[in-house]
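Visitor:
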Amino acid sequence: MFEQIPVDIGLVHEGERVRKNDMQVELGGPAEPEKCEIVLVRPVDAITDGDISIVGPDIGSMEEGKHYPLGILVEIAGAKVEQDLEGVIERRIHEYSNYIEGFMHLNQRYDIWIRLSKKSFKKGLNSFKYIGQVMLELFRNELPILEKIQITFITDPEKLKLLYREALERYESRDARARGLLDRDVDVFYGCALCQSFAPTHICVITPQRYANCGAISWFDGRAAAGIDPKGPIYEIVKDECLDEEKGEYTGVNESAKKRSMGEINRVYLYSAFGYPHTSCGCFEGIAFYIPEADGFGIVLRGFRDITVNGLAFSTMADSTAGGRQVDGFHGISIEYMRSARFLHADGGYERVVWMPAETRERLKDFIPPSVYPAIATEKDVKTIPELKSFLINLNHPVVQKWKSDETAARATADRTAVLSAGDIPITAGGYRIILKNAKITAEKVIILPVRAPPPGGGEHRGAQKK
Ligand code: SF4
Numbered sequence: 092m093f094e095q096i097p098v099d100i101g102l103v104h105e106g107e108r109v110r111k112n113d114m115q116v117e118l119g120g121p122a123e124p125e126k127c128e129i130v131l132v133r134p135v136d137a138i139t140d141g142d143i144s145i146v147g148p149d150i151g152s153m154e155e156g157k158h159y160p161l162g163i164l165v166e167i168a169g170a171k172v173e174q175d176l177e178g179v180i181e182r183r184i185h186e187y188s189n190y191i192e193g194f195m196h197l198n199q200r201y202d203i204w205i206r207l208s209k210k211s212f213k214k215g216l217n218s219f220k221y222i223g224q225v226m227l228e229l230f231r232n233e234l235p236i237l238e239k240i241q242i243t244f245i246t247d248p249e250k251l252k253l254l255y256r257e258a259l260e261r262y263e264s265r266d267a268r269a270r271g272l273l274d275r276d277v278d279v280f281y282g283c284a285l286c287q288s289f290a291p292t293h294i295c296v297i298t299p300q301r302y303a304n305c306g307a308i309s310w311f312d313g314r315a316a317a318g319i320d321p322k323g324p325i326y327e328i329v330k331d332e333c334l335d336e337e338k339g340e341y342t343g344v345n346e347s348a349k350k351r352s353m354g355e356i357n358r359v360y361l362y363s364a365f366g367y368p369h370t371s372c373g374c375f376e377g378i379a380f381y382i383p384e385a386d387g388f389g390i391v392l393r394g395f396r397d398i399t400v401n402g403l404a405f406s407t408m409a410d411s412t413a414g415g416r417q418v419d420g421f422h423g424i425s426i427e428y429m430r431s432a433r434f435l436h437a438d439g440g441y442e443r444v445v446w447m448p449a450e451t452r453e454r455l456k457d458f459i460p461p462s463v464y465p466a467i468a469t470e471k472d473v474k475t476i477p478e479l480k481s482f483l484i485n486l487n488h489p490v491v492q493k494w495k496s497d498e499t500a501a502r503a504t505a506d507r508t509a510v511l512s513a514g515d516i517p518i519t520a521g522g523y524r525i526i527l528k529n530a531k532i533t534a535e536k537v538i539i540l541p542v543r544a545p546p547p548g549g550g551e552h553r554g555a556q557k558k
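Here is the structure:
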């Protein structure tokens, strides 16, 4: 099927990384303000089936090591092809293009970030025509309902502007459609395992009130995808019994997560960043990060290039968040989930959010309760945690009341106990490494003992014990 393509194509290449030193060119990514990929349904006679067009410079004429803007427009048609399918078919661009050796595709929609390796370029992968051919074949093969398909790659910045604007409008209208439906209105949620090539234990659980982490798949998209390909990567999850309404825990979700994560994830709280939070692969649009000093959350989106209020950049926290793990206080989220009334519901929702970039706060203005909006600090208000705390006190953020009641409770128990909470606590014993995941330990006394290296000549030696 891929005889004309100069590099190998296959599942084995999914999840491949192309490091900066190894890249021939970068397309989209953080350095490019405008980039996008979009699938649009067109009338059958508006499409030239199999056509691949390139508008602007092709890969072969791009300078080595540089970055360029890119728009990928996939136009589809067919008697059974409805607009509802655009979002899920669009997500397949990520999957299919990652089958190409030395071609790394990350993220989605207006956040795409692509790198082509020098090695694959030297093998002859020097044109978007090849990328288009691979995508065409895979789309046709895997989604026979597509009767016609044409693909356009746009690298000309002026032409890209037009597509970018159209794409933003289309994303918004898709997202708006899913608003209003509640979790309790439906009997089934949808799971997506498309990102398991990057994070093998991760699945997204998509509910009417919890949009997928990548921001590309709504509950309606999940329904459409599972309808056309029930055995595909997007599948139905019967909710079953609700174990905890506040946290959003369902027996059906737990069972599905256990099965799809090969026993690694046994419980999922859909609406909390603590305990058994929803996992994150690496495609999340943003991170909700816990700030212990303020007992609140900061929010940072992928596009924010500065340091956040806790001194860390998005990229640093992304490493702690990704990988399909359940990490207390580092939570991958989508922008649309931040518009949900169930956003971090069990943790206090926006009453617990204390910091976010000004641009993000403005973008979400209509969804943040007006009573909290001015009390959420931005990078323009504060730069450090002490400044943040003063800001929250001055603006009477709801979290400040929580500090007061927590202080009272803490004073009442301070004489009796010390509490230690940690994400993963490793213990080495009997030749095995045991990890207590998300352990919370209460102790009457904490004893810290220095452990010294064995003296020259061997033998076991422990330092003097101190209490
Ligand atoms: S982030 Fe989630 S919903 Fe989006 S493609 Fe990956 S697994 Fe699917």
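The opening position of the sequence shown corresponds to residue 92 in the numbering used here, with each subsequent residue numbered one higher. Built from N, CA and C at the ideal position, the CB exists for glycine as well.
I need the DSSP call for residue 432, collapsed to helix, strand or coil.
Guide: Residue 432: coil per DSSP, three-state reduction.
Visitor: Since I believe residue 362 is in contact with residue 436 (beta carbons under 8 Å), could you give me their beta-carbon distance rounded to a whole number of angstroms?
Guide: About 4 Å; that satisfies the 8 Å criterion.
Visitor: Can you tell me which residues fall inside 6 Å of ligand 1, judged by beta-carbon distance to its nearest heavy atom, and keep chain order?
Guide: That query returns the following residues: 182, 283, 285, 286, 295, 303, 304, 305, 307, 308, 372, 374.
Visitor: Short check: CB of residue 315 to CB of residue 225, under 8 Å?
Guide: No, Cβ-Cβ distance for residue 315 and residue 225 is not below 8 Å.
Visitor: Would you verify that the beta carbon of residue 141 is, or is not, closer than 8 Å to some beta carbon of chain D?
Guide: As a matter of chain content, chain D is missing from the structure shown, which is built from one protein chain.
Visitor: Taking contact to mean at least 3 C-beta pairs separated by less than 8 Å, is the stretch 403-418 in contact with the stretch 364-377?
Guide: Because the criterion of three Cβ pairs below 8 Å is met, the stretch 403-418 and the stretch 364-377 touch.
Visitor: Does residue 183 come out as helix, strand or coil in the three-state DSSP assignment?
Guide: Note: residue 183 maps to helix in three-state DSSP.
Visitor: Residue ranges of each alpha helix (DSSP H) run of no fewer than 4 residues wholly in the stretch 373-434, ordered along the chain?
Guide: As far as the stretch 373-434 is concerned, its whole alpha helix (DSSP H) runs of at least 4 residues are 405-412.
Visitor: At which residues does the alpha helix (DSSP H) containing residue 451 begin and terminate?
Guide: It spans 449-454 - the alpha helix (DSSP H) in which residue 451 sits, taken as one unbroken run.
Visitor: Rounded C-beta distance between residue 115 and residue 220? I'm assuming under 8 Å.
Guide: 16 Å between Cβ atoms; not a contact.
Visitor: Over the uninterrupted alpha helix (DSSP H) stretch that includes residue 224, give me the two end residues.
Guide: From DSSP, the alpha helix (DSSP H) with residue 224 extends over 219-233.
Visitor: Grab me the residues of residue 555's own chain with a C-beta within less than 6 Å of its C-beta, minus the 5 sequence neighbours each way, in chain order.
Guide: At residue 555, the pLDDT of 33 sits below 50, so the modelled position is not reliable; the number obtained from the coordinates is stated separately. There are no such residues.
Visitor: Any idea which residues DSSP pairs residue 362 with across the strands?
Guide: Bridge partners of residue 362: none, in fact.
Visitor: Considering only residues of the same chain and omitting the five flanking positions on each side of residue 483, which have a CB-CB separation below 8 Å?
Guide: Closer than 8 Å at Cβ, skipping near neighbours: 385, 387, 445, 466, 468, 490, 491.
Visitor: Inspect the CB distances between the stretch 157-175 and the stretch 121-135 and report whether three or more fall short of 8 Å.
Guide: These segments touch.
Visitor: Roughly how many angstroms lie between the CA atoms of residue 512 and residue 381, to the nearest whole one?
Guide: Since pLDDT at residue 512 reaches only 43, below the 50 mark, its modelled position is unreliable, and the value read off the structure follows with that caveat. Spanning the two alpha carbons is a distance of roughly 13 Å.
Visitor: Under 6 Å Cβ to Cβ from residue 255, same chain only, skipping five residues before and after it: list those, please.
Guide: Result list for residue 255: 125, 127, in chain order.
Visitor: Per DSSP, what kind of secondary structure is residue 174 in: helix, strand or coil?
Guide: Residue 174 falls in the helix class under three-state DSSP.
Visitor: Are there 16 or more other CB atoms within 10 angstroms of the CB of residue 206, so buried, or fewer, so exposed?
Guide: That one is buried.
Visitor: When the Cα of residue 92 is compared with those of 227, 147, 211, which residue comes out closest?
Guide: It is 227 whose Cα lies nearest to the Cα of residue 92.
Visitor: Kindly provide the ranges of any beta strand (DSSP E) runs that are 3 or more residues long and lie completely inside the stretch 303-366, ordered along the chain.
Guide: Segments of the beta strand (DSSP E) lying fully in the stretch 303-366: 325-329, 333-335.
Visitor: Hey, quick one: how far does the beta strand (DSSP E) through residue 464 stretch, first residue to last?
Guide: It is not in any beta strand (DSSP E) - residue 464 carries neither H nor E in the DSSP assignment.
Visitor: Suppose you measure from the CA of residue 304 to the CA of residue 355; what does that come to, to the nearest Å?
Guide: Approximately 19 Å, taken between the alpha carbons.
Visitor: Determine the DSSP secondary structure at residue 280, reduced to helix, strand or coil.
Guide: Looking at residue 280 - three-state DSSP - the assignment turns out to be strand.
Visitor: Just curious, the alpha helix (DSSP H) that residue 253 is in, first and last residue?
Guide: Note, residue 253: alpha helix (DSSP H), 248-269.
Visitor: When DSSP labels each residue in this structure, what does residue 514 get in the three-state scheme?
Guide: Note on residue 514: pLDDT 44, under 50, position unreliable in the model; no value is reported.
Visitor: Can you tell which of 352, 372, 341 has the C-alpha that lies nearest to the C-alpha of residue 290?
Guide: The shortest C-alpha separation from residue 290 is found at 372.
Visitor: Out of 194, 199, 392, 223, which has the shortest C-alpha to C-alpha gap to residue 214?
Guide: Taking only the C-alpha atoms, the option nearest residue 214 is 194.
Visitor: What does the alpha-carbon distance come out to for the pair residue 159 and residue 344?
Guide: About 41 Å.
Visitor: In its own chain, which residues sit with a C-beta less than 6 Å from the C-beta of residue 458, not counting the 5 before and 5 after it?
Guide: 430.
Visitor: Alpha carbon to alpha carbon, how far is residue 377 from residue 242? Give it in angstroms, no decimals.
Guide: If I take the Cα positions, the gap works out to 29 Å.
Visitor: Taking C-alpha atoms, which residue in 477, 498, 103, 249 lies nearest to residue 287?
Guide: Looking at the Cα atoms, 103 is the closest of the given residues.
Visitor: Please name the residue, chosen from 350, 337, 352, that lies closest to residue 364 on a Cα-to-Cα basis.
Guide: The option with the nearest alpha carbon to residue 364 is 337.
Visitor: Taking all protein chains shown into account, decide if residue 313 is buried (16 or more other Cβ within 10 angstroms of its Cβ) or exposed.
Guide: Under this definition residue 313 is a buried residue.
Visitor: In or out: residue 263 buried (at least 16 other Cβ within 10 Å) or exposed?
Guide: Exposed, since its Cβ has fewer than 16 Cβ neighbours within 10 Å.
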